[in-house]
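Residue numbers (the numbering used here), protein chains in the order written: chain Y, 1 to 241; chain A, 242 to 482.
All C-beta atoms in this analysis are idealised placements derived from N, C-alpha and C, irrespective of residue type, glycine included.
First the structure, in the form of structure tokens, and then the observations on it.
Protein chains: 2
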Amino acid sequence: MSIVLNAARGGTSAAPFRFSPVIAANAAENARLSLSENLRPLQRISVRMRYGRNETIFGEGDAADHSYKVISGTVRLCKYTGDGRRQIADFVGDGDFFGFLDLADHSFTAEAVTDVILLSYPRSQIDRLGETMPAVRKHVLRLLSENIAAMQRHLVLLGRQTAREKVASFLLRMAERAGLGEGERLDMPIGRQDVADHLGLTVETVCRVLGEFRQKRLVMVPNLQQIVLSNVAALRAVCEG
Amino acid sequence: MSIVLNAARGGTSAAPFRFSPVIAANAAENARLSLSENLRPLQRISVRMRYGRNETIFGEGDAADHSYKVISGTVRLCKYTGDGRRQIADFVGDGDFFGFLDLADHSFTAEAVTDVILLSYPRSQIDRLGETMPAVRKHVLRLLSENIAAMQRHLVLLGRQTAREKVASFLLRMAERAGLGEGERLDMPIGRQDVADHLGLTVETVCRVLGEFRQKRLVMVPNLQQIVLSNVAALRAVCEG
DNA sequence: CGACTGATTGATACGTCTCAAGGATAGTGG
DNA sequence: CCACTATCCTTGAGACGTATCAATCAGTCG
Numbered sequence: 001m002s003i004v005l006n007a008a009r010g011g012t013s014a015a016p017f018r019f020s021p022v023i024a025a026n027a028a029e030n031a032r033l034s035l036s037e038n039l040r041p042l043q044r045i046s047v048r049m050r051y052g053r054n055e056t057i058f059g060e061g062d063a064a065d066h067s068y069k070v071i072s073g074t075v076r077l078c079k080y081t082g083d084g085r086r087q088i089a090d091f092v093g094d095g096d097f098f099g100f101l102d103l104a105d106h107s108f109t110a111e112a113v114t115d116v117i118l119l120s121y122p123r124s125q126i127d128r129l130g131e132t133m134p135a136v137r138k139h140v141l142r143l144l145s146e147n148i149a150a151m152q153r154h155l156v157l158l159g160r161q162t163a164r165e166k167v168a169s170f171l172l173r174m175a176e177r178a179g180l181g182e183g184e185r186l187d188m189p190i191g192r193q194d195v196a197d198h199l200g201l202t203v204e205t206v207c208r209v210l211g212e213f214r215q216k217r218l219v220m221v222p223n224l225q226q227i228v229l230s231n232v233a234a235l236r237a238v239c240e241g
Numbered sequence: 242m243s244i245v246l247n248a249a250r251g252g253t254s255a256a257p258f259r260f261s262p263v264i265a266a267n268a269a270e271n272a273r274l275s276l277s278e279n280l281r282p283l284q285r286i287s288v289r290m291r292y293g294r295n296e297t298i299f300g301e302g303d304a305a306d307h308s309y310k311v312i313s314g315t316v317r318l319c320k321y322t323g324d325g326r327r328q329i330a331d332f333v334g335d336g337d338f339f340g341f342l343d344l345a346d347h348s349f350t351a352e353a354v355t356d357v358i359l360l361s362y363p364r365s366q367i368d369r370l371g372e373t374m375p376a377v378r379k380h381v382l383r384l385l386s387e388n389i390a391a392m393q394r395h396l397v398l399l400g401r402q403t404a405r406e407k408v409a410s411f412l413l414r415m416a417e418r419a420g421l422g423e424g425e426r427l428d429m430p431i432g433r434q435d436v437a438d439h440l441g442l443t444v445e446t447v448c449r450v451l452g453e454f455r456q457k458r459l460v461m462v463p464n465l466q467q468i469v470l471s472n473v474a475a476l477r478a479v480c481e482g
């Protein structure tokens, strides 16, 4: 009776992408329609929400009666094991939608990585709009489909890639999302521990790999919140091995 | 303009489940509606297909103009890296649907694990049916949502579980899917290499863990195609650590 | 029966984790 | 503005888990 939603980019996706795809299907992901355009009818039923750093937006198992769009900030979507291990399924940021799954309860937890402003849509209203507006239905479907394709790529990363490949893939994907080219500063509001929990690594390993990349001049790290990819070709070479 | 689909069970899901859920959300998965009932209108537009063992049903990147339902046999949905490594996202079997993603090209490869009989639905026709039949739309949405929830659980497995936990989780999930209880024979048409590529392990590690479980009397392996879970409680204990 | 594919077991190497210490950064209160 | 503290990041040494490589065994098909 409710929905959880998951990441899919909808924002100002007309941004230029100077990267060729890291992984095959990324090109398609970037070429995706401007989802936000077709989900504009949702605007009228939205409520603005604000969450502070590390605040929980909803927990796994909570009744899922709202879906969300990120206005500003970054959100992590994750699951916890009984003994506290954490796996971050995805990060969603500016313009991304999440929590659109058609399930009674949320299948994952959503937490604010930074201070965050969201639009919240009552699930019942989305369903209602969907009844009469095929474009809305179509784009929820597209949202979920893109999300599944992205998760499949992440399964490959978690199951079959080395630490170096994981970190390189991650950096390239972040830059691509931001529409940044070689040499530009990439804002990284995401901490090392969060990166590790997304890539199936430990913080220490993430640090070591980043250090190695820095030494080899693949990246520069001007400060903790920013990274510059100085050699995209080499990073892409690392990805496949 | 087409669709890829992914796994979600729709078959004779009224079968009794004697297992309590391995992972939290599995209960919900089992309690899912009888999807096949609501997708019955698809029956009229279906074409019966037959594939032999290891035959490719469609490849990643192929135009996705059909969706499928498994009548008999087992199919693996997987992705390959440039250098040949393979990650199996899921296995689908009797009564399961796959290939319903709303994307132009398939985001993964589908291959027959055993000889397989499928129903094939033209995507254009599914879309047409969806226009007029809300129940069809609703259930495609549910299909994708269940699929995403299942993939999220698998992300945790790949990113945060040990080899023992992975194999134990896999065995419990297989038994649950089949609706089997402790001591009953579980048919496992899936080879060890396929299991390994699903769990992010090597064949050797899968064998070693199975051997260990056999020694500890958690399972019996009467032959290569069958496994008996003799101590479900212990296996479940292994899952969390 | 013989050849092939897949499964198993063993010995060893390697990658990543774990544990521990030190350094940087940001937030807080004087 | 600075000291203080908490948090996060970084680096190192060693342990551990899984991969790798190699050989044997079992089951299947011709």
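Enumerate in chain order the residues of its own chain whose CB-to-CB distance from residue i is below 6 Å, with the five nearest sequence positions on each side excluded.
i: F299 of chain A; result: H347 and A351
i: V473 of chain A; result: E423
i: L33 of chain Y; result: Its pLDDT being 44, under 50, L33 of chain Y is placed unreliably in this model, and the value from its coordinates should be taken loosely. Cβ within range, chain order: n/a, list empty.
i: Y68 of chain Y; result: F98, G99, L118 and S120
i: Y80 of chain Y; result: R86
i: G452 of chain A; result: none
i: R50 of chain Y; result: I117
i: Q215 of chain Y; result: none
i: L461 of chain A; result: Checking the sequence, you will find Met at residue 461 of chain A rather than Leu. Around M461 of chain A: V469 and S471.
i: S261 of chain A; result: Residue confidence is low: S261 of chain A scores 41 on pLDDT, short of 50, so the model does not pin down where it sits. Its coordinate-derived value is still stated next. Nothing listed; no residue qualifies.
i: F213 of chain Y; result: V219
i: A234 of chain Y; result: L218
For residue i, which option in the options has the closest C-alpha, if you only look at C-alpha atoms?
i: P282 of chain A; options: A:R291, A:R401 and A:P375; result: A:P375
i: H307 of chain A; options: A:V447, A:V354, A:Q366 and A:L382; result: A:Q366
i: G302 of chain A; options: Y:A149, Y:L119, Y:V232 and Y:E60; result: Y:A149
i: V167 of chain Y; options: Y:V203, Y:T132, Y:L180 and Y:E146; result: Y:V203
i: L442 of chain A; options: Y:L155, Y:E146, Y:I190 and Y:L39; result: Y:L155
i: V450 of chain A; options: A:E406, A:V311, A:A416 and A:Y321; result: A:E406
i: Q467 of chain A; options: A:L412, A:F341, A:G325 and A:A478; result: A:L412
i: E417 of chain A; options: A:T297, A:L385 and A:R477; result: A:R477
i: T56 of chain Y; options: Y:A104, Y:G82, Y:I88 and Y:A112; result: Y:A112
i: R242 of chain Y; options: Y:N147, Y:V70, Y:H139 and Y:T114; result: Only positions 1 to 241 of chain Y appear in this structure, which leaves residue 242 of chain Y out of reach.
i: A404 of chain A; options: A:R394, A:V311 and A:G482; result: A:G482
i: Q152 of chain Y; options: A:R383, A:V460 and A:I329; result: A:I329
i: F349 of chain A; options: A:T373, A:C319 and A:L465; result: A:C319
Considering only residues of the same chain and omitting the five flanking positions on each side of residue i, which have a CB-CB separation below 7 Å?
i: P363 of chain A; result: I286, D306 and H307
i: G183 of chain Y; result: V228 and S230
i: I190 of chain Y; result: T74, F91 and V113
Leaving out five residues on either side along the sequence, give the residues of the same chain with a beta carbon under 8 Å from the beta carbon of residue i.
i: P222 of chain Y; result: R185 and V228
i: C448 of chain A; result: R433
i: V136 of chain Y; result: N38, L39, P41, L42, I126, L129 and G130
i: T446 of chain A; result: A404 and A437
i: R289 of chain A; result: I312, I358, L359, L360 and S361
i: D187 of chain Y; result: A178, Q225 and Q226
Quickly, what does DSSP pair residue i with across the bridge? List them, please.
i: F332 of chain A; result: A:R317
i: I71 of chain Y; result: DSSP lists no partner for I71 of chain Y.
i: L219 of chain Y; result: Checking the sequence, you will find Val at residue 219 of chain Y rather than Leu. V219 of chain Y pairs with Y:L229.
i: K289 of chain A; result: Here the sequence assigns Arg to residue 289 of chain A, which means Lys is not the residue at that position. In DSSP, R289 of chain A forms a bridge with A:L360.
i: S81 of chain Y; result: Correcting the residue identity first, residue 81 of chain Y is Thr in this sequence and not Ser. For T81 of chain Y, which the question treats as bridged, DSSP gives no partner whatsoever.
i: F299 of chain A; result: A:A351
i: A63 of chain Y; result: Y:D105
i: R228 of chain A; result: Because chain A spans 242 through 482 in this model, residue 228 of chain A falls outside it and cannot be assessed.
Quiz prompt | Cβ contact (3+ pairs, closer than 8 Å) linking the region 68 to 76 of chain Y and the region 90 to 100 of chain Y | solution = yes
Quiz item: Between the region 191 to 209 of chain Y and the region 390 to 402 of chain A, do at least 3 Cβ pairs fall closer than 8 Å?
Solution: yes
Quiz item: Mind pulling the alpha helix (DSSP H) runs of 4 or more residues that sit fully within the region 158 to 208 of chain Y?
Solution: 163 to 178 and 192 to 199
Quiz item: Of all the alpha helix (DSSP H) runs that stay within the bounds of the region 104 to 142 of chain Y, which reach a length of 4 or more residues?
Solution: 123 to 132
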